[in-house]
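Contents: one structure, followed by commentary.
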Amino acid sequence: MDKTTQQTTGAQGNRPVVGRFAPTPSGRMHLGNVFSCLMAWLAVRSAGGRLVMRVEDLDVRAQNPQNASLLLDDLRWLGLDWDEGPYYQSKRGEVYAAAIDSLAERGLTYPCFCTRSELHAATAPHASDGTYLYQGTCRGLTPEQVAQRSAVRPPATRLMVPPAEDPSGTIEFTDLAFGPQREVLAQECGDFLLKRSDGIVAYQLAVVVDDGEMGITQVVRGRDLLGSAARQTWLSRLLGYEPPTFGHVPLLVAPDGRRLSKRERDLDMGALRERFGRPEAILGALASSVGMAEAGEALRADELVDRFSWNLLSAHEQDIVVADGVLV
Ligand code: GLU
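Residue numbering for the sequence shown follows this note's numbering, starting at 2 and increasing by one per position.
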């Protein structure tokens, strides 16, 4: 399909649009997170849809509880509101456990004892989201081997993907910005994690269960997660949900191509609020970087709703460069 002629907004099929914010509170939001949130918000508001707020605080040990409240406060200050939530992944362990159990009962999971160093020795991660191709090392363990190894250390849980020649393991979907996508799960990721050996539920499982349970129809997020969309589509079908439509948006990067990170303190929301003083200046600068505003224009979020278009984003597959704190 020609990307420029695809449907720009509106309900998908007969479903009204339900989008979400799904931030991980691992530090103060930075300009790149704000950009993704702005695009997710505009995509929903321009389609007359609803927005759910979900705080992705699965790995609670890595997070400071204050981060989540700062994050919600920063979004409100920006004028990016939501209609439902916040939900907290850290409180939803039972829902995830039930989903993993249902997959296990269908014989689709197995325990994996591979250590991180074994995985890295076998294959290098090939995507910025840490995706690697799992070789199926633990798929064929006998019950005796599983019992022996479990006595030494707890296993992770993996989900089996169909072999490459089985068409059900080839996932096709159309990204709202990146156009048609096709991925053979057995060749891109192999059997993937549902739960880590320390008991923490894997991102892929939590996000699919939550999007499914919360009725999410449209997922808008940074293009670093484009490679997760096929796994999520497949897992959502397995769990009986209708997969959402995906729209991946450019990342903000430093001039050397490095992704902006929360370590860049001069671009975090604390520093940005001080430097720009008002949300309109930040939102206008972000919008102008993808042609939704003129350079130097300051606009409120609601003033940008009518300017949002997927065509502008799909014309902008390259990352957005930030130099000296300024979008270029
Ligand atoms: N929590 C993830 C992040 O902050 C986003 C997950 C998603 O949008 O699917 O990077």
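Glycine included, C-beta positions come from ideal geometry on N, C-alpha and C.
Residue(s) in a DSSP beta bridge with residue i
{"i": "residue 87", "result": "The partner list for residue 87 (beta bridge, DSSP) is empty, contrary to what the question assumes."}
{"i": "residue 54", "result": "22"}
{"i": "residue 82", "result": "None, per the DSSP bridge assignment."}
{"i": "residue 157", "result": "113"}
Nonlocal neighbours in the same chain, by C-beta distance under 6 angstroms from residue i, ignoring five residues either side
{"i": "residue 214", "result": "none"}
{"i": "residue 113", "result": "139, 156, 157 and 159"}
{"i": "residue 233", "result": "209"}
{"i": "residue 171", "result": "185"}
{"i": "residue 296", "result": "289"}
Buried or exposed (CB count within 10 angstroms, at least 16 for buried), residue i
{"i": "residue 153", "result": "exposed"}
{"i": "residue 10", "result": "In this prediction, residue 10 has a pLDDT of 40, which is less than 50 and means its spatial position is unreliable; what the coordinates show is noted afterwards. Per the 10 Å Cβ criterion, buried."}
{"i": "residue 164", "result": "exposed"}
{"i": "residue 319", "result": "exposed"}
{"i": "residue 55", "result": "buried"}
{"i": "residue 99", "result": "exposed"}
{"i": "residue 26", "result": "buried"}
{"i": "residue 256", "result": "exposed"}
Sequence-distant residues of the same chain with beta carbon closer than 8 angstroms to residue i, five excluded per side
{"i": "residue 2", "result": "Note that residue 2 scores a pLDDT of 37, beneath 50, so its modelled location is shaky; the value from the coordinates is reported in the next line. 175, 180 and 181, listed in sequence order."}
{"i": "residue 29", "result": "68, 71, 72, 75, 263, 269, 270 and 271"}
{"i": "residue 285", "result": "294, 297, 298, 299 and 300"}
{"i": "residue 58", "result": "25, 26, 64, 69, 89, 90 and 91"}
heavy atom of ligand 2 below 7 angstroms from residue i C-beta
{"i": "residue 208", "result": "Among the ligands present in this structure, namely ligand 1, ligand 2 is not found."}
Which of helix, strand or coil DSSP assigns to residue i
{"i": "residue 6", "result": "For residue 6, the pLDDT reaches just 35, beneath the cut-off of 50, and the residue's location in the model is therefore unreliable, although a value from the coordinates is still provided. It is helical."}
{"i": "residue 182", "result": "strand"}
{"i": "residue 323", "result": "strand"}
{"i": "residue 223", "result": "strand"}
{"i": "residue 113", "result": "strand"}
{"i": "residue 248", "result": "strand"}
{"i": "residue 234", "result": "helix"}
{"i": "residue 309", "result": "coil"}
{"i": "residue 106", "result": "helix"}
Sequence-distant residues of its chain with Cβ nearer than 7 angstroms to residue i (five each side left out)
{"i": "residue 245", "result": "212, 217, 218, 219 and 220"}
{"i": "residue 265", "result": "31"}
Anticipated Cβ contact below 8 angstroms, residue i with residue j, distance rounded
{"i": "residue 314", "j": "residue 250", "result": "6 angstroms"}
{"i": "residue 306", "j": "residue 32", "result": "No, residue 306 and residue 32 are not in contact; Cβ-Cβ is about 21 angstroms, not under 8 angstroms."}
{"i": "residue 79", "j": "residue 45", "result": "The Cβ separation is near 15 angstroms, so there is no contact."}
{"i": "residue 206", "j": "residue 97", "result": "6 angstroms"}
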